[in-house]
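Shown next, in structure tokens, is the structure this report addresses.
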Amino acid sequence: MDTGCFAAVNPDMFKPCSERGPPQQGGVPPVKTSRTKPEQSKPELAQVVTDSRTGRRYSKGKLLGKGGFARCYEMTDLTSNKMYAVKVIPQNRVSKPHQREKITNEIELHKTLSHKHVVKFSHHFEDQDNIYIFLELCSRKSLAHIWKARHTLTEPEVRYYLRQIISGLKYLHNRGILHRDLKLGNFFVNENMELRLGDFGLAAKLETVEQRKKTICGTPNYLAPEVLNRHGHGTESDVWSLGCVMYTLMCGNPPFETLDLKETYKCIKEVRYNMPSNVSPTAQKLISGILQKNPSDRLSLDQILNHDFFSKGFTPDKLPPSSCVMVPELHPPSPAKKFFTKVAKSLFGKKKAKVEKIPCEEKDDKDLSKLVSGIVKSSINRQISYKTVGPNEAPSTTGQLVSSVPLEQTPAEEESRKSISRSFKGTMASSAEPCEDVLTPASVTELALKVLSSCLATMPSATRNPPCLSRPQTFLWVSKWVDYSNKYGFGYQLSNRSVGVLFNEGTHLSLCDQRKTVHYCLTNNKHFTFQASSLPEQLRSQKQIVELMANYMEQNLMEGGDLHCDEQTSSPPPLLLQWVKTDHALLMLFNNGTLQVNFYTDHTKIILCKSSDGSYLLTYISRERVSYTYLLSMLAEMGCASELRHRLRYVVQLLHHHADA
Ligand code: 11G
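With numbering that gives the first Met the number 0, letter number 510 in the sequence shown gets 509, and the count goes up by one each step, no holes.
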């Protein structure tokens with residue numbers, strides 16, 4: 000094999016130990032050189048190193064990995080406690096001018112870079128023994144480590160990482176810089192699972208085709224055909240490497256891997272690779288659009304981003320850290336999330352929603368200001384126990400959610416208990432001073448449990464429901480709802496068309512009277528009413544969120560039943576105190592004692608409320624959305640059909656569980 004064309008070989012620098020071993024495909028083999036140096040005994044690095052110029056002291060942490068020139072350690076600044084990934088290069092390894100020049104080049108180039116997806120260069124210094132390069136610490140190591148544990152990634156994950164790589168790479172190319180060694184081990188991943196492009200040991204300024212050096216320095220991994228053919232390295236050669244990275248992540252092995260390096264080079268030059276059939280046709284097309292022999296035929300970075308693989312497939316905003324070692328469960332955003340994202344963008348601009356940035360030092364009511372500024376940050380009242388629908392899932396569930404379990408096949412008691420125990424909920428904040436005449440979620444639960452249990456206990460068996468009230472007294476119930484508690488809270492529309500949101504941190508805001516009146520509740524017994532036109536500044540963001548959810552419900556959800564009533568403008572609407580979701584149903588408790596349970600599978604609903612004469616009314620909304628209101632005492636006396644009885648039993652179980660929780 001002729002390797003003489005490669006002018007100089009950089010030892011396998013800065014590769015994690017785990018990534019070294021047999022040369023990867025496309026990697027330059029250890030070229031014959033004059034004799035390799037015998038392993039020098041390296042003096043142990045001191046536990047604390049000091050930058051003599053600044054006086055700063057750094058304590059040495061764990062060894063991150065070794066490279067030809069460097070050992071890399073975690074180090075902590077003893078003044079600020081900030082941690083870094085530090086390359087420690089012994090002076091005796093860079094004694095020759097060209098070796099020193101390489102390190103200086105890397106430092107000078109890296110120093111100038113500042114981009115979200117490029118490893119941050121912090122600073123460097125040297126002492127008698129070593130050169131120290133302080134870089135951003137990426138606690139989740141690199142894509143090489145993730146790939147080692149996972150072998151292949153899912154398409155959404157590939158899109159997630161590639162988008163970030165491309166973003167970093169576009170930044171470099173726009174500045175006329177070529178990376179020249181794009182490979183999994185140079186894509187670092189930080190604590191938040193964000194990718195950073197790193198290792199500028201082989202990076203160079205882009206030159207004209209004529210000026211390009213035709214030699215290859217170092218051990219680049221995914222060599223492009225033009226580089227092997229000594230036509231020099233251009234931006235398209237970085238794109239080629241990106242194609243190889245994509246292939247490796249999708250297929251589990253590099254595209255041109257063979258047992259023989261000479262054969263590998265042949266395959267690269269002929270662009271000969273296998274495409275596993277389990278790779279989607281769109282991904283296959285993108286890979287083949289990138290792995291084009293002629294650099295000018297290759298897709299550009301923008302064309303890659305515009306390819307169907309990206310534009311038609313879902314890219315997660317974030318990946319769970321567990322995805323470093325196992326396949327994550329990723330959900331494409333629901334139509335509701337898409338809707339909210341779109342509207343939130345138009346409301347708050349492209350960046351983060353404004354509510355996340357409301358300053359605390361706003362004038363007026365300090366209490367309100369604090370609360371508003373805390374909306375998105377805190378979720379103190381959300382007790383989330385994980386269930387089949389994760390709490391981070393986008394506004395997953397709306398009033399018309401359809402599930403595959405038909406309710407008529409009422410689950411066995413055991414399963415139903417399990418399902419109930421897998422609930423999650425949101426609760427209205429309670430006041431520090433207890434207030435006797437104010438209903439709480441616990442008192443509403445207790446009361447409902449008492450009346451429903453005694454009704455079920457006395458009910459005779461029957462095959463039919465008793466006659467329903469022909470003109471029932473009007474009462475309010477929830478006709479639409481949307482769970483956006485992964486971000487803001489739980490929104491609902493009442494049957495009089497007023498809308499409310501129980502925010503994650505326990506405050507409540509509702510819009511009544513065609514959105515002209517705002518009711519705001521700090522806690523269950525601290526209520527405020529405002530005209531929408533003169534709402535305190537601090538509540539405007541919260542109001543916007545309520546409007547956002549109201550618009551969504553109005554435009555996208557069906558009315559949950561046929562029972563409507565007019566808006567009573569004078570009195571505030573009932574306040575949602577608590578919502579609880581199980582696998583099968585949604586329970587809502589109100590401060591006027593009303594309880595509502597919606598069954599997801601068939602959209603049936605049960606509403607228990609107290610009429611003005613103190614008697615209890617039970618309303619059943621059928622799957623056809625027809626409502627039937629009964630006096631509870633009549634049900635207790637005459638019994639009811641199994642359809643209703645099953646549901647009442649489920650409600651009692653749910654309340655029991657809820658009361659015990
Ligand atoms: O460049 C690196 N970064 C940013 C990094 C290199 C070198 C410090 N590494 C590893 C260490 C061993 C091999 C490559 C990093 N490790 C952890 N965080 C950041």
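Beta carbons: idealized from backbone N, C-alpha and C, even for Gly.
Predicted model only: the values in this text are computed from it and were never measured.
* From Val437 to Leu634, what does the alpha carbon distance come to, in whole angstroms? -> Here residue 437 is taken as the residue at index 438 of the sequence shown, counted from 1. Here residue 634 is taken as the residue at index 635 of the sequence shown, counted from 1. In a straight line, the C-alpha of Val437 is about 29 Å away from that of Leu634.
* **Cβ contact (3+ pairs, closer than 8 Å) linking the region 253-268 and the region 226-245** => yes
* To do: Whole angstroms is fine: what's the gap from Thr387's alpha carbon to Ser452's?
  => By one-based count along the sequence shown, residue 387 stands at place 388. By one-based count along the sequence shown, residue 452 stands at place 453. Note on Thr387: pLDDT 25, under 50, position unreliable in the model; the coordinate value appears next. Between Thr387 and Ser452, the C-alpha separation is close to 29 Å.
* Among Glu73, Asp128, His114, nearest to Ser51 - alpha-carbon criterion -> The sequence position of residue 51 within the sequence shown is 52, counting from 1. Closest option to Ser51, Cα to Cα, is Asp128.
* To do: Could you tell me if the beta carbon of Val118 falls within a distance shorter than 7 Å of some heavy atom in the ligand 11G?
  => Stepping through the sequence shown from its first residue, residue 118 is reached at position 119. For the ligand 11G, at least one heavy atom lies less than 7 Å from the Cβ of Val118.
* Beta-carbon proximity check, Leu260 vs Ile176, cutoff 8 Å -> Sequence index remark: in the sequence shown, residue 260 carries index 261 (1-based). Sequence index remark: in the sequence shown, residue 176 carries index 177 (1-based). Their beta carbons are not under 8 Å apart, which means Leu260 does not touch Ile176 by this criterion.
* Cβ of Asp198 versus every heavy atom of the ligand 11G: is any distance shorter than 7 Å? -> Mapped onto the sequence shown, residue 198 falls at position 199. Checking every heavy atom of the ligand 11G against the Cβ of Asp198, one is found closer than 7 Å.
* Asked: Which term fits Gly613, buried or exposed, when burial requires 16 or more other beta carbons within 10 angstroms of its beta carbon?
  -> Stepping through the sequence shown from its first residue, residue 613 is reached at position 614. Flag for Gly613 reads exposed.
* To do: State yes or no: is the C-beta of Gly167 nearer than 7 Å to some heavy atom of the ligand 11G?
  => Here residue 167 corresponds to residue number 168 of the sequence shown, with the count starting at 1. No, the beta carbon of Gly167 sits no closer than 7 Å to any heavy atom of the ligand 11G.
* With Lys424 and Gln577 assumed to form a contact (beta carbons below 8 Å), what rounded beta-carbon distance in angstroms separates them? -> Sequence index remark: in the sequence shown, residue 424 carries index 425 (1-based). Sequence index remark: in the sequence shown, residue 577 carries index 578 (1-based). So it is a contact: roughly 6 Å between Cβ atoms.
* Does DSSP put His230 in a helix, in a strand, or in coil? -> On the sequence shown, residue 230 is found 231 positions in, with the first residue counted as 1. Three-state result, His230: coil.
* Can you tell me which of Lys268, Lys147, Lys213 puts its alpha carbon nearest to the alpha carbon of Ala223? => To locate residue 223, count along the sequence shown from 1; it is residue 224. The shortest Cα separation from Ala223 among Lys268, Lys147, Lys213 belongs to Lys268.
* To do: List the endpoints of the continuous beta strand (DSSP E) containing Trp661.
  => Examination of residue 661 is not possible in this model, given that the chain is present from 0 through 660 alone.
* **Buried or exposed (CB count within 10 angstroms, at least 16 for buried), Ser148** => By one-based count along the sequence shown, residue 148 stands at place 149. As written in the sequence, residue 148 is Ala, which differs from the Ser given in the question. Exposed, by the Cβ-count rule.
* Asked: Between Leu285, Met82, Arg99, Lys81, which lies nearest to Ile88 when the distance is taken from Cα to Cα?
  -> Walking along the sequence shown from the start, residue 88 turns up at place 89. Cα-wise, what sits closest to Ile88 is Arg99.
* How big is the Cα-Cα spacing for Leu44 and Phe124? -> As a first step, residue 44 must be located in the sequence shown, where it is residue number 45. As a first step, residue 124 must be located in the sequence shown, where it is residue number 125. Those two C-alpha atoms are separated by around 15 Å.
* Asked: Do Ala428 and the ligand 11G come close, with the Cβ less than 7 Å from some heavy atom?
  -> Numbered from 1 along the sequence shown, position 429 holds the residue referred to as residue 428. No, Cβ of Ala428 sits at least 7 Å from all heavy atoms of the ligand 11G.
* For Cys323 versus Ile164, is the C-beta spacing smaller than 8 Å? -> If you number the sequence shown from 1, residue 323 lands on position 324. If you number the sequence shown from 1, residue 164 lands on position 165. No, these two residues do not count as a Cβ contact at 8 Å.
* Whole angstroms is fine: what's the gap from Arg229's alpha carbon to Asn273's? => Within the sequence shown, residue 229 is the residue found at index 230, counting from 1. Within the sequence shown, residue 273 is the residue found at index 274, counting from 1. Between Arg229 and Asn273, the C-alpha separation is close to 25 Å.
* To do: Go to Asp198, then tell me how far its alpha helix (DSSP H) extends in each direction, as first and last residue.
  => Within the sequence shown, residue 198 is the residue found at index 199, counting from 1. First-last for Asp198: undefined, no H or E at that position.
* Per DSSP, which residues does Ile176 bridge with? Please list them. => Walking along the sequence shown from the start, residue 176 turns up at place 177. Ile176 pairs with Lys204.
* Okay, do the region 490-503 and the region 537-547 touch, 3+ Cβ pairs below 8 Å being the bar? -> yes
* **Residue closest to Phe474, alpha-carbon to alpha-carbon, out of Glu154, Glu156, Leu181, His563** => Indexing the sequence shown from 1 puts residue 474 at position 475. Selected option, being the one with the closest Cα: His563.
* Simplified DSSP assignment, three categories, for Arg622 -> Within the sequence shown, numbered from 1, the residue matching residue 622 stands at position 623. In this structure, Arg622 counts as coil in the three-state DSSP scheme.
* Spell out the partners DSSP gives Ser58 in its beta bridges. => By one-based count along the sequence shown, residue 58 stands at place 59. For Ser58, which the question treats as bridged, DSSP gives the partners Val47, Thr75.
* Asked: Of all the options Thr522, Pro571, His518, Asn189, which has the alpha carbon lying nearest to the alpha carbon of Pro535?
  -> Here residue 535 is taken as the residue at index 536 of the sequence shown, counted from 1. Of the listed residues, the one whose Cα sits closest to Pro535 is His518.
* Taking the CB atoms as reference points, tell me whether Asn185 and Leu196 lie closer together than 8 Å. => One-based indexing of the sequence shown puts residue 185 at position 186. One-based indexing of the sequence shown puts residue 196 at position 197. Result yes, Cβ atoms of Asn185 and Leu196 sit closer than 8 Å.
* Nearest to Tyr131 by CA position, among Tyr83, Ser540, Pro275, Thr234, is which residue? -> In the sequence shown, residue 131 corresponds to position 132, counting from 1. When each option's Cα is compared against that of Tyr131, the closest is Tyr83.
* Asked: Considering only C-alpha positions, which residue in the set Leu205, Ala658, Arg622 is nearest to Arg646?
  -> Against the sequence shown, residue 646 aligns to sequence position 647. For Arg646, the nearest C-alpha among the options comes from Arg622.
* Look up Thr397 in the DSSP assignment and say whether it is helix, strand or coil. => By 1-based counting over the sequence shown, the position of residue 397 is 398. Bear in mind that a pLDDT of 32 at Thr397, under 50, signals an unreliable position, so the model cannot answer this.
* With respect to 7 Å, is the separation between the Cβ of Ala84 and the closest non-hydrogen atom of the ligand 11G below this value? -> Taking the sequence shown and counting its residues from 1, the one referred to as residue 84 is at position 85. Yes, since a heavy atom of the ligand 11G falls inside the 7 Å radius drawn around the Cβ of Ala84.
* Asked: Near Tyr615, what residues of its chain come up, given a Cβ to Cβ distance below 7 Å and the 5 sequence neighbours on each side ignored?
  -> Residue mapping note: residue 615 aligns to position 616 of the sequence shown, counting from 1. Hits under 7 Å: Val450, Leu607, Lys609, Leu631.
* Going straight from the alpha carbon of Leu653 to that of Ser113, what length do you get? -> Here the question's residue 653 lines up with position 654 in the sequence shown. Here the question's residue 113 lines up with position 114 in the sequence shown. Leu653 and Ser113: Cα-Cα distance of roughly 54 Å.
* **Own chain, CB closer than 6 Å to Trp239, minus 5 neighbours either side, in chain order** => Position 240 of the sequence shown, counted from the first residue, corresponds to residue 239. Once the five neighbours on either side are set aside, the close Cβ partners of Trp239 are Ala223.
* What is the DSSP secondary structure of Lys472, reduced to helix, strand or coil? -> Position 473 of the sequence shown holds residue 472. Per the sequence presented here, residue 472 reads as Gln, with Lys not at that position. The answer is coil: DSSP assigns Gln472 none of H, G, I, E or B.
* Does DSSP classify Thr281 as helix, strand or coil? -> For the purposes of this step, residue 281 is taken as residue 282 along the sequence shown, with counting starting at 1. Note: Thr281 maps to helix in three-state DSSP.
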